[in-house]
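K.L.:
In my numbering, the protein residues as written are 10 to 367.
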Amino acid sequence: MTAPDTLTDAAPVAAEAPLPAAEPRAEPESTEHAAPVASFTPEQELKAYRDMLLIRRFEEKAGQLYGMGLIGGFCHLYIGQEAVVTGMEMTRQEGDQVITAYRDHGHMLSCGMEPRRVMAELTGRRHGYAKGKGGSMHMFSVAKNFFGGHGIVGAPAPLGTGLAFANKYRGNISVSLTYFGEGAANQGQVYESFNMASLWKLPVVYVIENNHYAMGTAVERGSARAEELYNRGSVYGIPGIRVDGMDVRAVKEAGMAAVARVRTGGGPMILEMITYRYRGHSMSDPAKYRSREEVQKMREQHDPIELVRGRILASDAADEETLKGIDRDIRAMVNEAAEFATNDPEPNPSELTTDVVA
Ligand SMILES: Cc1ncc(C[n+]2csc(CCOP(=O)(O)OP(=O)(O)O)c2C)c(N)n1
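#1: Throw me the rounded Cβ distance for the Gly169 and Ile108 pair, which I believe falls under 8 angstroms.
#2: Would you kindly work out how many angstroms separate the C-alpha atoms of Tyr298 and Ala223, rounded to a whole number?
#3: Measure the C-alpha to C-alpha separation of Ile250 and Pro356 and round it to an integer number of angstroms.
#4: Under the criterion of a Cβ to heavy atom distance below 7 angstroms, does Phe203 qualify as lining ligand 1?
#5: Grab me the residues of His290's own chain with a C-beta within less than 6 angstroms of its C-beta, minus the 5 sequence neighbours each way, in chain order.
#6: For ligand 1, I want to know if His147 counts as a neighbour, meaning its beta carbon is within less than 7 angstroms of at least one of the ligand's heavy atoms.
#7: In three-state DSSP terms, what is Glu218?
#8: What number of angstroms, rounded off, separates the C-alpha of Leu172 from the C-alpha of Asp325?
#9: Pull up the DSSP beta-bridge partners for Ser207, would you.
#10: Distance, Cα to Cα, Val94 vs Gly141?
#11: Should Leu16 go down as buried or exposed, given a rule of 16 or more other Cβ atoms within 10 Å for buried?
#12: Within 10 angstroms of the Cβ of Asp18, are there 16 or more other Cβ atoms? Answer buried if so, exposed if not.
#13: Under DSSP, the beta strand (DSSP E) around Phe189 begins and ends at which residues?
#14: Which residues share a DSSP beta bridge with Glu106?
#15: Is the beta carbon of Met97 within less than 7 angstroms of some heavy atom of ligand 1?
#16: Would you decide whether Thr273 is buried or exposed? Buried here means 16 or more other CB atoms lie within 10 Å of its CB.
#17: From which residue to which residue does the alpha helix (DSSP H) around Arg65 run?
#18: Scan the region 101–180 and note each continuous beta strand (DSSP E) run of 3 residues or more that stays entirely inside, going in chain order.
#19: State the beta-bridge partners of Ala223 as determined by DSSP.
#20: My parser needs the alpha helix (DSSP H) runs of 4 or more residues fully inside the region 234–302; what are they?
#21: Using 10 angstroms around the beta-carbon of Tyr178, count the other beta-carbons present and answer buried if the total reaches 16, otherwise exposed.
#22: For Met61 and Tyr87, what's the separation of their Cα atoms in angstroms?
#23: Following a CB-centred definition, is Arg234 positioned closer than 7 angstroms to any heavy atom of ligand 1?
#24: Report yes if the C-beta of Met224 is less than 7 angstroms from at least one heavy atom of ligand 1; otherwise report no.
#25: Taking 7 angstroms as the limit between beta carbons, can you name the residues of its chain near Leu361, skipping five residues before and five after?
#26: Please report the Cβ distance between Met117 and Met148, rounded to the nearest whole angstrom; I am assuming they are in contact, meaning their Cβ atoms lie under 8 angstroms.
#27: Taking Glu348 as part of the alpha helix (DSSP H), name the residues at either end of that continuous run.
#28: Note the first and the last residue of the continuous alpha helix (DSSP H) segment covering Gly96.
#29: Is Glu229 near ligand 1, judged by its Cβ being under 7 angstroms from some heavy atom?
#30: Is Phe189 close to ligand 1? I mean its beta-carbon at under 7 angstroms from any heavy atom of the ligand.
#31: Quick one, are the C-beta atoms of Asn154 and Gly115 less than 8 angstroms apart?
Written out as structure tokens, the structure is:
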């Protein structure tokens with residue numbers, strides 16, 4: 010028997026009862042930008058400055074140690090993106106969980122994990138957060154509600170949705186802050202997660218860190234409708250906001266709105282943070298897919314730390330000397346962390362067979 014080669018050869022389709030009219034569906038209120046951004050108090054500006062600077066200096070030091078051969082394996086730096094985790098941390102309540110992918114040092118520091126133990130994990134030493142056996146991409150701290158550190162692109166989406174499910178199942182009011190990159194946002198597991206989160210109104214804020222590049226692929230080359238990733242949940246009824254992820258105040262403001270909605274049973278939300286990474290994808294990436302001028306322009310015109318520094322000085326929240334003092338303190342803390350991470354012993358060889366999931 011030959012297969013019909015035109016539609017007219019096909020058997021007629023039996024007439025069916027007309028489908029009932031669909032219920033009108035409320036469209037999610039996705040917006041391109043958060044409402045006008047409220048000012049920070051002087052204390053908030055200074056805290057944001059200090060917290061972002063800690064991440065910056067820590068990452069610079071990690072880059073140096075990597076260059077000296079003291080850190081092995083993969084190492085993905087977060088330099089340029091500091092405002093995202095710093096602003097979101099300002100929205101967190103005790104018990105709220107954080108989960109992210111492999112560009113994770115900033116998330117750990119902002120959760121309050123100890124710089125010396127994060128650094129010791131990078132150098133593979135005994136008192137690192139994973140006893141020196143996980144490295145840059147694989148650290149946890151249940152005490153600080155940080156659930157990794159995952160090398161698999163997109164993995165934080167279902168895992169973070171699972172954390173939100175646990176919150177709902179246990180009847181607590183905690184929120185899961187689930188971070189992933191704009192490259193990850195094209196993965197199937199992300200949409201399965203969106204579906205479940207919306208269906209069960211799970212308390213999760215999906216934070217898409219759109220730093221413009223997934224390894225060497227620019228977002229416009231790899232993502233359909235790249236200009237509106239915040240809208241990727243609309244078909245599931247998940248509202249999204251596009252946020253200036255280089256301005257910690259904008260991040261905090263959008264974060265507060267999202268977390269408040271999610272915590273009170275409103276269901277999941279998406280925040281698309283428009284940000285930028287200054288360094289290559291990982292330490293081994295020479296970043297030839299973009300021009301030096303592009304990076305330079307972002308550093309000079311949109312640096313999140315310089316932005317806050319400018320506001321602090323303009324408003325007299327602090328003077329140059331005070332800011333220099335903060336920098337000195339942070340450098341001292343980071344140097345101490347590096348010192349610890351290079352003198353701490355390596356794990357005992359007997360550790361090779363412990364903590365292994367068979
Ligand atoms: C499932 C899977 N596919 C591919 C990779 C290789 N890989 C590592 S990072 C990366 C790019 C991801 O980019 P994005 O999600 O935008 O995050 P960013 O690195 O920009 O923070 C890819 C493809 C991986 N780790 N896991």
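Using N, Cα and C, we set each Cβ at its ideal position, and we do this for glycine too.
P.N.:
This is what the structure holds:
#1: For the purposes of this step, residue 169 is taken as the residue at position 160 of the sequence shown. For the purposes of this step, residue 108 is taken as the residue at position 99 of the sequence shown. The Cβ separation is near 4 angstroms, so the contact holds.
#2: Taking the sequence shown and counting its residues from 1, the one referred to as residue 298 is at position 289. Taking the sequence shown and counting its residues from 1, the one referred to as residue 223 is at position 214. C-alpha separation (whole angstroms): 11 angstroms.
#3: Looking up residue 250 in the sequence shown gives position 241. Looking up residue 356 in the sequence shown gives position 347. Answer to the nearest angstrom: the Cα atoms are 44 angstroms apart.
#4: As a working mapping, residue 203 is identified with position 194 in the sequence shown. Not under cutoff, so the answer is no.
#5: For the purposes of this step, residue 290 is taken as the residue at position 281 of the sequence shown. Closer than 6 angstroms at Cβ, skipping near neighbours: Met224.
#6: Within the sequence shown, numbered from 1, the residue matching residue 147 stands at position 138. His147: no, Cβ never under 7 angstroms from ligand 1.
#7: Here residue 218 refers to the residue found at position 209 of the sequence shown. Strand, per DSSP.
#8: Numbered from its first residue, the sequence shown carries residue 172 at position 163. Numbered from its first residue, the sequence shown carries residue 325 at position 316. Their Cα atoms are separated by approximately 42 angstroms.
#9: As a working mapping, residue 207 is identified with position 198 in the sequence shown. DSSP output for Ser207 lists no bridge partner at all.
#10: Along the sequence shown, read from residue 1 onward, the residue named residue 94 stands at position 85. Along the sequence shown, read from residue 1 onward, the residue named residue 141 stands at position 132. If I take the Cα positions, the gap works out to 25 angstroms.
#11: Your numbering for residue 16 matches position 7 in the sequence shown. Low local confidence applies: a pLDDT of 42 at Leu16 is under 50, so the model's placement there is unreliable, with the coordinate-based value given in what follows. Answer is exposed; the Cβ neighbour count stays below 16.
#12: For the purposes of this step, residue 18 is taken as residue 9 along the sequence shown, with counting starting at 1. Only weak support exists for where Asp18 lies, its pLDDT of 46 falling under 50; the coordinates are left without a value.
#13: As a position in the sequence shown, residue 189 is number 180, starting the count at 1. First-last of the beta strand (DSSP E) with Phe189: 185–190.
#14: Within the sequence shown, numbered from 1, the residue matching residue 106 stands at position 97. Looking at the sequence provided, one finds Gln at residue 106 rather than Glu. Gln106 pairs with Ser185.
#15: By 1-based counting over the sequence shown, the position of residue 97 is 88. No, since every heavy atom of ligand 1 falls outside the 7 angstroms radius drawn around the Cβ of Met97.
#16: Translated into the one-based positions of the sequence shown, residue 273 becomes position 264. Exposed: under 16 other Cβ atoms inside 10 Å.
#17: Translated into the one-based positions of the sequence shown, residue 65 becomes position 56. Its alpha helix (DSSP H) spans residues 51–76.
#18: 106–108
#19: Counting from one through the sequence shown, the residue named residue 223 turns up at place 214. DSSP lists Thr226 as partners of Ala223.
#20: 257–272
#21: The residue labelled residue 178 in the question sits at position 169 within the sequence shown. Classification for Tyr178: exposed.
#22: Here residue 61 refers to the residue found at position 52 when the sequence shown is read from its first residue. Here residue 87 refers to the residue found at position 78 when the sequence shown is read from its first residue. Each residue's Cα considered, the two are about 11 angstroms apart.
#23: Start at 1 with the first residue of the sequence shown, and residue 234 comes out as number 225. Every heavy atom of ligand 1 is 7 angstroms or more from the Cβ of Arg234, so no.
#24: Residue 224 sits at position 215 when you count from the first residue of the sequence shown. Result yes, Cβ under 7 angstroms from ligand 1.
#25: As a working mapping, residue 361 is identified with position 352 in the sequence shown. Around Leu361: no qualifying Cβ.
#26: Along the sequence shown, read from residue 1 onward, the residue named residue 117 stands at position 108. Along the sequence shown, read from residue 1 onward, the residue named residue 148 stands at position 139. The Cβ separation is near 6 angstroms, so the contact holds.
#27: Numbered from 1 along the sequence shown, position 339 holds the residue referred to as residue 348. Taken as a continuous stretch (DSSP letters only), the alpha helix (DSSP H) holding Glu348 covers 329–352.
#28: Here residue 96 refers to the residue found at position 87 when the sequence shown is read from its first residue. Its alpha helix (DSSP H) spans residues 91–98.
#29: Looking up residue 229 in the sequence shown gives position 220. The answer is no for Glu229.
#30: Your numbering for residue 189 matches position 180 in the sequence shown. Because some heavy atom of ligand 1 lies under 7 angstroms away, the Cβ of Phe189 counts as near it: yes.
#31: For this step, residue 154 is matched to residue 145 along the sequence shown. For this step, residue 115 is matched to residue 106 along the sequence shown. The answer is no: Cβ separation not under 8 angstroms.
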